[in-house]
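**Student:** Residue numbers (the numbering used here): 45 to 105.
Cβ coordinates follow ideal geometry from the N, Cα and C atoms, glycine included.
The structure is given below, and queries will be raised subsequently.
Spelled out as structure tokens, the structure:
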């Protein structure tokens, strides 16, 4: 990133993008169990709120 700031050239900016993608991918792989658990909790929360909202909005209850 420092090199891209000091020498802004398409090659250095492209290198930053490529290596940043590799770094992000490695972090995702490293923390995959926590990401999967958090996504499951988020899905459960959204599903619960959607069910509650659907019950409140149902005119045929």
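Alpha carbon to alpha carbon, how far is residue 87 from residue 81? Give it in angstroms, no decimals.
**Tutor:** Translated into the one-based positions of the chain shown, residue 81 becomes position 37. Translated into the one-based positions of the chain shown, residue 87 becomes position 43. Residue 81 and residue 87: Cα-Cα distance of roughly 10 angstroms.
**Student:** If you check the beta carbons only, do residue 56 and residue 68 fall under 9 angstroms apart?
**Tutor:** By 1-based counting over the chain shown, the position of residue 56 is 12. By 1-based counting over the chain shown, the position of residue 68 is 24. No.
**Student:** Are the Cβ atoms of residue 62 and residue 45 separated by less than 9 angstroms?
**Tutor:** Sequence index remark: in the chain shown, residue 62 carries index 18 (1-based). Sequence index remark: in the chain shown, residue 45 carries index 1 (1-based). Contact flag unset, no.
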